[in-house]
Ligand code: SAM
Ligand code: SF4
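In the numbering used here, the protein residues as written are -18 to 312.
Below you can see the structure in the form of structure tokens.
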């Protein structure tokens, strides 16, 4: 079964935000007081998530990513992973995490059916890590990355938001990491999400900076197929690397024409585009699978051609962005 949106794009990927809560306060994602959290009864339950996954899988969704907030702060996440892994048609089950709690659960997650992880790490300097995340412990993430390789949660991807004046001096250090370990390091363009106008203007840097830095250091990039299938990243190798470098630039080179993803927010709304305001609550449709399937089709039928961010950056102006933080929608 093939699930198409209104533009004829094939959709096989559902990203599920299981919580808006987080144990960190990354500067580009939240204020230092965090975000106004939803109460537990506003958050979609595991049983409800499972109903959406079953309906989506019957329509052609085969890849699921669990994200948040920080997914590992939600109680009994291993049970959700197990339930989703058993849904017929789900072939790939991944999680995006800040990695700080991963070591604690990694064995159980692997056993439950988690196939792979993306771990967020913006710096290789412990003090800087503390400043960027405001409360994270660098060593916990490094241990989690090594454990992910040991547990074969492959390809192990590292998400690194490039920030001018913060970590742009560490591009070569990240390339060195990809020489030492078979990691897929994905530089992500800083996105203006939420109300971080000033920080965005101060720290946005296009990813062409990464390619230029590598070239200057005598490490020219060569394109390679994306590790672990399709996605928005361009993927590269360079002389001496065991892993790859990915470049995800939603602003300077948006990837809307190949978008294959649908999102379920932590309050239980379907969202066809991360940057579009439209969303539809699943709640009224949960007891009728056919109605739920129709809702999924309807949401995808109305999916925009491009996100607002791309439209505005083309005009040369700073885009207005969605006012909803990444931690709430699920990055
Ligand atoms: N807490 C988990 C984590 O940090 O990996 C999952 C949720 S987090 C919102 C998902 C991804 O969004 C992270 O890799 C994070 O770096 C990225 N992110 C958050 N805010 C961003 C922004 N303003 N620009 C670019 N990436 C952002
Ligand atoms: Fe938490 Fe992830 Fe946002 Fe950082 S990026 S504050 S870890 S949700």
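Using N, Cα and C, we set each Cβ at its ideal position, and we do this for glycine too.
Since the model is a prediction, treat every value here as computed from it, not as a measurement.
Jot down the residue ranges of each uninterrupted beta strand (DSSP E) in the stretch 77 to 111, minimum 3 residues, whole runs only, in chain order.
-> DSSP runs (the beta strand (DSSP E)) wholly in the stretch 77 to 111: 97 to 101.
For ligand 2, is there a heavy atom less than 7 Å away from the beta-carbon of residue 141?
-> Indexing the chain shown from 1 puts residue 141 at position 160. Incorrect: residue 141 has no Cβ contact closer than 7 Å to ligand 2.
Please confirm whether residue 55 and residue 114 have their CB atoms less than 8 Å apart.
-> Taking the chain shown and counting its residues from 1, the one referred to as residue 55 is at position 74. Taking the chain shown and counting its residues from 1, the one referred to as residue 114 is at position 133. In this structure, the beta-carbon distance from residue 55 to residue 114 does not fall below 8 Å.
For residue 226, which beta-bridge partners are listed by DSSP?
-> For this step, residue 226 is matched to residue 245 along the chain shown. In the DSSP output, where bridge partners are listed per residue, residue 226 has 166, 217.
So what does residue 253 bridge to, in DSSP terms?
-> Sequence index remark: in the chain shown, residue 253 carries index 272 (1-based). DSSP, once it has assigned bridges, lists no residue as partnering residue 253.
List the DSSP bridge partners of residue 48.
-> Here residue 48 refers to the residue found at position 67 when the chain shown is read from its first residue. Beta-bridge partners assigned by DSSP to residue 48: -2.
On the three-state DSSP scale, how would you describe residue 125?
-> Counting from 1 along the chain shown, the entry for residue 125 is found at position 144. It is helical.
Outcome for residue -14 when other beta-carbon atoms lying within 10 angstroms are tallied against a minimum of 16 = Numbered from its first residue, the chain shown carries residue -14 at position 5. Buried, since its Cβ has 16 or more Cβ neighbours within 10 Å.
Rounded straight-line distance, which links the Cα of residue 20 to that of residue 68 = Counting from 1 along the chain shown, the entry for residue 68 is found at position 87. Counting from 1 along the chain shown, the entry for residue 20 is found at position 39. Their backbone Cα atoms lie some 28 Å apart in a straight line.
Taking only heavy atoms of ligand 1 into account, decide whether any of them is closer than 7 Å to the Cβ of residue 237.
-> Reading the chain shown from its first residue, position 256 is the one you call residue 237. No.
For the alpha helix (DSSP H) holding residue 32, just list the boundary residues, first then last.
-> Indexing the chain shown from 1 puts residue 32 at position 51. 27 to 40 is the span of the alpha helix (DSSP H), which, as asked, contains residue 32.
Residue nearest to residue 132 in terms of C-alpha spacing, selected from 142, 95, 140 | Residue numbering aside, residue 132 sits at position 151 when the chain shown is read from its first letter. Taking the Cα of residue 132 as reference, the smallest distance to any Cα among 142, 95, 140 is reached at 95.
Do you know whose CA, among 245, 250, 33, 3, lies nearest residue 116's CA?
-> Looking up residue 116 in the chain shown gives position 135. Ranking 245, 250, 33, 3 by Cα distance to residue 116 puts 3 first.
May I ask whether a heavy atom of ligand 1 can be found less than 7 Å away from the beta carbon of residue 129?
-> Start at 1 with the first residue of the chain shown, and residue 129 comes out as number 148. Flag unset: Cβ of residue 129 not near ligand 1.
Shortest alpha-carbon distance to residue 267 belongs to which of 64, 50, 27, 207?
-> Taking the first residue of the chain shown as 1, we reach residue 267 at position 286. Among 64, 50, 27, 207, the Cα nearest to that of residue 267 belongs to 27.
Does the beta-carbon of residue 86 have 16 or more other beta-carbons within 10 angstroms, so that it is buried, or is it exposed?
-> The residue you call residue 86 lines up with position 105 of the chain shown. In the assembly as shown, residue 86 is a buried residue. Its beta-carbon has 16 or more other beta-carbons within 10 Å.
How is residue 142 classed by DSSP in three states: helix, strand or coil?
-> Here residue 142 corresponds to residue number 161 of the chain shown, with the count starting at 1. Residue state for residue 142 is assigned as strand, using DSSP reduced to three classes.
Verify the contact flag: residue 135, CB atom, against every heavy atom of ligand 2, threshold strictly below 7 Å.
-> Here residue 135 refers to the residue found at position 154 of the chain shown. Checking every heavy atom of ligand 2 against the Cβ of residue 135, none is found closer than 7 Å.
Counted within 10 angstroms of its Cβ, other Cβ atoms place residue 11 as buried (16 or more) or exposed | Position 30 of the chain shown, counting from 1, holds the residue named residue 11. Buried, because 16 or more other Cβ atoms sit within 10 Å of the Cβ of residue 11.
Would you mind stating whether residue 166 and residue 226 have Cβ atoms separated by less than 8 Å?
-> As a first step, residue 166 must be located in the chain shown, where it is residue number 185. As a first step, residue 226 must be located in the chain shown, where it is residue number 245. The Cβ-Cβ distance between residue 166 and residue 226 falls below 8 Å.
In chain order, what residues of the same chain lie with their CB nearer than 7 Å to the CB of residue 260, ignoring the 5 residues before and after it?
-> Your numbering for residue 260 matches position 279 in the chain shown. Counting only Cβ-Cβ distances below 7 Å, and skipping sequence neighbours, we find 246, 250, 251, 252.
Give the DSSP-derived three-state secondary structure of residue 203 in the structure shown.
-> As a position in the chain shown, residue 203 is number 222, starting the count at 1. In the displayed model, residue 203 falls within a strand according to three-state DSSP.
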